[in-house]
Amino acid sequence: MVRTPCSIRLCLGAGAGFFMLSFLYRVFVDSWVGRIVAGLFFLAFIGFGVGDVLMNIGTERADVVARVGDRPILVQSYQNALQSEMPQVAQSMHLSDPSQIPAATREQIAQQVLTRLVLQAEIAEAADRHGLIVPDSVVRDEIFSIPAFRGRDGQFDRALFNDRLRRTGMSEGRLVELVRQEQASRVLLQPIRDGATVPAVMARRLFDFEAQTRTIDLVRVPFDSQPVTATPTAAQLARYHANHPWEFVAPEFRHARIVVLSADTIGRQIAISDDDLHKAYDAQAQTFNAPERRDVQIVTVPTEARATALRAQWTDASAWAQVQKDAGKDAAAVELPGMKVTDVPSADLGRQVFAAPANATQGPVKSEGGWVVFRVTGITPAHATPFDEVRQALHDQIAHARAQAVLADRVQKVQDAIAGGGLDSIPADLGATAVSGDVDASGLTHDGAPAPIPGSDAVRQAVVARIFSQAKGANPELVQGPDGVWYAVSVDGVTPGHALTLAEAGARVNAAWLADARRHMADQQATTYYTQAQAQGGLGHVSPAIAGLEHSQPISPMQPAPEIPREVAALIFRLTQPGQGVMTEAGDMYVVATLTAINHPDPATQKTLYDRVRAGLTQSMGDDLEMGYGNALEGVVKPKPNNAAIRAVMADVTGSQNTGTAQ
1 MVRTPCSIRL CLGAGAGFFM LSFLYRVFVD SWVGRIVAGL FFLAFIGFGV GDVLMNIGTE
61 RADVVARVGD RPILVQSYQN ALQSEMPQVA QSMHLSDPSQ IPAATREQIA QQVLTRLVLQ
121 AEIAEAADRH GLIVPDSVVR DEIFSIPAFR GRDGQFDRAL FNDRLRRTGM SEGRLVELVR
181 QEQASRVLLQ PIRDGATVPA VMARRLFDFE AQTRTIDLVR VPFDSQPVTA TPTAAQLARY
241 HANHPWEFVA PEFRHARIVV LSADTIGRQI AISDDDLHKA YDAQAQTFNA PERRDVQIVT
301 VPTEARATAL RAQWTDASAW AQVQKDAGKD AAAVELPGMK VTDVPSADLG RQVFAAPANA
361 TQGPVKSEGG WVVFRVTGIT PAHATPFDEV RQALHDQIAH ARAQAVLADR VQKVQDAIAG
421 GGLDSIPADL GATAVSGDVD ASGLTHDGAP APIPGSDAVR QAVVARIFSQ AKGANPELVQ
481 GPDGVWYAVS VDGVTPGHAL TLAEAGARVN AAWLADARRH MADQQATTYY TQAQAQGGLG
541 HVSPAIAGLE HSQPISPMQP APEIPREVAA LIFRLTQPGQ GVMTEAGDMY VVATLTAINH
601 PDPATQKTLY DRVRAGLTQS MGDDLEMGYG NALEGVVKPK PNNAAIRAVM ADVTGSQNTG
661 TAQ
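At position 242 of the sequence shown (counting the first as 1) the number is 242 in the UniProt record's numbering, and the numbers step up by one without a gap.
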C-alpha cells in the first residue's frame, strides 16, 4: 500500500450549548465565559456549510441525524462530538488508543453523545419559545472577552478577529448568532442550576471519603524477573499449543481498494505561483520576522534620591518583591513581559532598556513620568525566518485553503463517478487518492505493521471498520469520516482467519510457554509474600526483611500516587484497618500491599478541600436538574430522529452495522 496522508475539516453544522469540547478549554481560553463561547466558536468552525453534498433519504436530509423543532443536528456535528469524546473515555479506561474501547462501550458512548446534542438543541428551542432576547451589547461584550480574539495587549483585536474568521471559513453574522443563542440558553438554565443545594451531611460524608489519606507497604514481583532456566520439551510445547488455541490464530485479512478525498489530496494537484507565495509571506511578516522582546521589571519614583536608594537595594532577582513594597504609594512598580522596543512610551528609555544587559539593575534614568530604575529579566532575540524555509508551508497553506473551497463540488463529482462506474471511473483530475492492500481487523498488514491507510489514526480506524463491515463485492459508497475526510471502500478479497498448527506457530509457542512459566513463578513468589504478611501483621514485619519493599507517601482518592499501580490503589480503599493486605496482578507483574495507616482530616483544617467537594456536589446536582429539565422538554419539543443516518454513524463508531435507533 502507498502511504498518502490526508486530513481536513469539512462543513456541516454544529449546535450551541453548554456541552463543549474539554480540550478546547485548555488550548484556547482560560476564563469561564471564554471557555463556553470559544467552545461554541470552534464547533461552529468545523460545522459550517454543506447542504447539497449528500442526497436526501426519505423525508429528511442524509446529513441530519435528528431534528429538534426547526433545529437540525448534523451528522458532522455528531461525528465531531464523538471524535472528541472517544480519546477521553479511552484515557479514563487506561487504554492507549480509542480503537481498544469495546464495540459495545463505543455504542453506549455514541448514544450518550447523541442524547447530549438533542438536549442542548431542546434547551435552545425552549429559550426561543420563552422569548429570551439577548441585547447586542451583551453579545458584543461576550465576543470581545474571548481570549482567542485578543492581541498582546489583552484588548480585542479586530484584525486578529477577522483573520480567525477568514481562516476558519466562518462569517461574523454566524458567530454573532451562535453567541446570542448560547447566551439565551444560559439565561434559561442558570436559575435552574442555582436551585441546587447540597445537604451538609452529604458533603461531610463525601469529604470523609475523599479527604482521607492512607499509607501502604508494597512489593512488586515482575514476571520477567523470574529466572526460567528450563527448556520446554516437544511434548510440553504441544500441550501448551493444544490448551491455548486462542493464542495462535491467524486473523482474517481483507484485500480492499480505498479512495480518499480531502483538502490535502486535492491540494497536491493545485499549482501555487511564486508571486502568490511571496504575497502570503509578506502578509504574515509579523509571524516570520519577530523583533527582539524583553521581560522588564521597572520602578518609577518622583525623586532621583529614592531611585538611587532603590537601585542600591535591588541587588538580585530575589529582591524584586521587597523593591515593590518599598517603592511607596506614589511610585509605580510593574513587570512588563514580552515588550518590544516600540512598546516603551519613552523612546529614550526604550533605547536604554534594549541596550541594557540581562539581570543587572539599571538607572536612575530621567523620564517623562519621573525617575526610573529597571532590570531586564529575560531576552528573546529577534528572529527572521527566510522565505525559503517556509516556502513549502506557505504552499501547503494556500493549497489547502483553495482545495477547501472546491471540496464540496469535488465530493459531488466523485459520488457521481462512483455511482456511474465504481472506483475505476473516478477522473484523475478530481484530486482523489487511491490505495489498496491486505489488512486485518486491527489495521495491520501481514508483517504486523500498521497498514499505511491515508489520514489520521481516527480516519484509519474508520476505514478499517468500514472494510470489515462491508460485504465482499458490495458497491462502494463515498462516506464522510473523522476530520471531514471522505472515503470509499471496495472489498474484493477475503482470507478467513484460521488456527495455526504447531509447526506454523513455531517460535511463538516457545515464547508463550516461557512467558507463562515466568508468570507462574511470579505468582508463587507473590503468594509467599502475601501469606507471610497476613501471618505477621504486614509486609514491614516479615522476617527476614523483603528485598525491594516500598513505603508509600500518603495517598487519597482525590490525589492518587502515580507510582502506585491503579489496580492496587483501587483495592486499598476497600480495606478497613491497618495490617490488612491485598495481592493483585498489575500489568506485567504481581503486587502485594498491606495497609499501614488511615488518617481522617478535620474539615475545619481542610476548608479549601471541603469547599471543593461541596462545589463539586453542587455542580453535579445542577447537572441533574438540567438533565431533568431537558427530559421534560422532550414531551414538548419531541425530537425526530433520522434512523438511517444514526445507523450509519453507529456503524462507523462500532465497526459493525448497528440497527439501533434514537430514543
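Using N, Cα and C, we set each Cβ at its ideal position, and we do this for glycine too.
- In the three-state reduction of the DSSP assignment, LYS607 falls in the helix class, which pools H, G and I.
- DSSP places HIS278 inside the alpha helix (DSSP H), whose first and last residues are 274–283.
- DSSP places SER456 in the coil class of the three-state scheme, outside both helix and strand.
- A check of alpha carbon separations from GLN226 across TYR610, ASP516 and HIS541 identifies ASP516 as the nearest.
- Taking 7 Å as the cut-off, the Cβ atoms of HIS241 and LEU502 count as close.
- Around the beta-carbon of GLN76, 16 or more other beta-carbon atoms lie within 10 Å, marking it buried.
- Around the Cβ of GLN392, a 10 Å sphere holds fewer than 16 other Cβ atoms; the residue is exposed.
- Excluding sequence positions up to five before and after LYS472, its CB lies within less than 6 Å of the CB of VAL491 and VAL494, all in the same chain and listed in chain order.
- The secondary-structure analysis by DSSP pairs ILE379 across a beta bridge with ARG294.
- If you check the CB distance, VAL344 and GLY338 do not come in under 7 Å.
- GLU292 places its beta carbon less than 7 Å from that of PRO381.
- Rounded to whole angstroms, ARG205 and TYR530 show a C-alpha spacing of 32 Å.
- Your pair ARG116 and VAL653 does not check out as a contact, with CB atoms roughly 15 Å apart and the cut at 8 Å.
- With a contact defined as Cβ atoms closer than 8 Å, VAL219 and GLN183 miss out at about 57 Å.
- Taking C-alpha positions only, GLN88 is separated from GLY622 by approximately 23 Å.
- Annotated as proximal: PHE248 and LEU500, with beta-carbon spacing under 7 Å.
- Taking C-beta atoms as the reference points, GLU142 and VAL179 count as a pair closer than 7 Å.
- VAL591 and PRO565 do touch by the CB rule: their CB atoms are close to 6 Å apart, below 8 Å.
- C-alpha of THR231 to C-alpha of ARG239: approximately 14 Å in a straight line.
- A residue is called buried once 16 or more other Cβ atoms fall within 10 Å of its Cβ, and ASN642 is buried on that count.
- Note on geometry: alpha-carbon atoms of THR594 and PRO578 lie some 7 Å from one another.
- Where SER185 is concerned, the enclosing alpha helix (DSSP H) starts and stops at 172–194.
- One Cα belongs to THR361, the other to ALA384, and the distance between them is close to 29 Å.
- One alpha carbon belongs to ARG268, the other to TYR281, and they sit about 20 Å apart.
- Approximately 17 Å separates the beta-carbon atoms of PHE223 and ARG508; this is outside 8 Å, ruling out the contact.
- Contact check between the segment 370–377 and the segment 299–308: three or more CB pairs, one atom from each, fall below 8 Å, which counts as touching.
- Between ALA597 and THR300, the CB-CB gap reaches or exceeds 7 Å.
- For VAL176 and ALA441, the gap between their C-alpha atoms comes out near 45 Å.
- Counted as a single uninterrupted DSSP element, the beta strand (DSSP E) harbouring SER436 occupies residues 433–440.
- Take PRO544, set aside five residues on each side of it, and no residue of its chain has a beta-carbon closer than 7 Å to its own.
- Cβ-Cβ distances below 6 Å link ILE453 to ARG460 and VAL463 in the same chain, with the five nearest sequence neighbours on each side left out; the list follows chain order.
- Inter-residue distance for ALA81 and VAL113 is about 7 Å (C-alpha atoms, whole angstroms).
- A distance below 8 Å between beta-carbons, with the five flanking residues on each side excluded, links MET627 to the following residues of its chain, in chain order: LEU119.
- Inter-residue distance for GLN524 and ALA449 is about 36 Å (C-alpha atoms, whole angstroms).
- Runs of the beta strand (DSSP E) lying entirely within the segment 192–274, each at least 3 residues long, are 213–222 and 253–261 in chain order.
- Comparing alpha-carbon positions, the option among LYS366, GLN297, LEU609 and ASP330 lying closest to LEU336 turns out to be GLN297.
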